[in-house]
Amino acid sequence: MEQSCPTDPKKREEGDYTLIGDGEDDLLGLYDKPLPCFGCGIGWFSFLLGFVFPLMWYYATILYFRNYYLNDPRERTGLATCAIAALVFTIVALIVAAVILF
């Protein structure tokens with residue numbers, strides 16, 4: 006019996022195979038696994054934890070600028086949110102320090 010690829014168009018037309026999913030998409034199912042940190046991802050976990058420990062926002066910002074989200078694109082929004090939170094926190098801290106010192 007001859008073995009052939011299930012995505013072979015000739016075999017599909019003959020009805021020998023039932024194609025499940027997309028044979029041309031190699032990334033199909035790659036992101037089915039849950040995200041780390043209780044399923045919300047490192048970015049969102051760092052964002053929430055940053056309200057208690059603001060240094061977590063800077064840690065996630067470093068991950069964002071080092072393109073950590075290329076491992077899993079679902080991490081991009083959380084890491085970008087931490088970068089914005091770190092920027093806002095820095096500006097607020099500078100304003101508060103300026104008001105107290107002057």
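In this note's numbering, the protein residues as written are 6 to 107.
Every residue gets a Cβ at the ideal spot worked out from N, C-alpha and C, and that includes glycine.
DSSP places Val57 outside any alpha helix (DSSP H), giving it a letter other than H or E. The criterion of a C-beta distance shorter than 9 Å is not satisfied by Arg81 and Tyr64. Of Asp77, Tyr74, Asn72 and Ile67, the smallest CA-CA separation from Ala90 is found for Ile67. The three-state secondary structure of Gly48, taken from DSSP, is helix. Rounded to the nearest whole angstrom, the CA to CA distance from Phe43 to Ile100 is 35 Å. Straight across, the Cα-Cα distance linking Cys45 with Thr95 is about 25 Å. Here Ile105 is exposed, its C-beta having fewer than 16 other C-beta atoms within 10 Å. The three-state secondary structure of Pro78, taken from DSSP, is helix. Around the beta carbon of Ala88, 16 or more other beta carbons lie within 10 angstroms, which makes this residue buried.
Judged by DSSP in its simplified three-state form, Phe107 adopts coil rather than helix or strand.
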